[in-house]
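Trainee:
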Amino acid sequence: MLNNVNLMGRLVEDPQITEIKGNKICAFTVAVQRSRNRDKTDFIPVKAWGNLAETIAKYFHKGERIVVSGNLQNNSYKADDGKYRSFFEVEVESFEFVEQKK
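The opening position of the sequence shown corresponds to residue 1444 in this note's numbering, with each subsequent residue numbered one higher.
(1) Need the endpoints of the beta strand (DSSP E) that T1445 sits in, please.
(2) Count the other CB atoms within 10 Å of the CB of G1506; is the residue buried (16 or more) or exposed (fewer)?
(3) Looking at the unbroken alpha helix (DSSP H) that takes in A1496, where does it start and where does it end?
(4) Taking DSSP as the reference, what is the three-state secondary structure of G1525?
(5) Kindly identify the DSSP beta-bridge partner or partners of K1467.
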């Protein structure tokens, strides 16, 4: 099976790093223009763990471009109304700097 996602876009907000059961996690959203219709933008939730999380949180900020490679995950949670909701997010396996720091 193959589950590989590559995105290049801009961070919608500063990455937020938290700790869950002793593991660092960084969550952020990447705004990605569609290739066929450049007037439309998708907002993709992304998460990174461990050293990747720490590095991304340290070096990236709102508005900066990033390339992330990872896999697509479908997660769910129980909402306040008792119904289950599902959502997709990309878990980062690697990233690249796109712009040089001034």
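Note that the Cβ used here is the ideal one computed from N, Cα and C, for glycine as well.
Fair warning: this is a prediction, and the values are worked out from it, not measured in the lab.
Mentor: In short:
(1) Reading the sequence shown from its first residue, position 2 is the one you call residue 1445. Checking the displayed sequence, the identity of residue 1445 turns out to be Leu instead of Thr. First-last for L1445: undefined, no H or E at that position.
(2) As a working mapping, residue 1506 is identified with position 63 in the sequence shown. Label assigned to G1506: exposed.
(3) The sequence position of residue 1496 within the sequence shown is 53, counting from 1. Start and end: G1493 to Y1502.
(4) Numbered from its first residue, the sequence shown carries residue 1525 at position 82. DSSP places G1525 in coil when its eight states are reduced to three.
(5) Position 24 of the sequence shown holds residue 1467. According to DSSP, which records beta bridges pairwise, K1467 is partnered with E1462.
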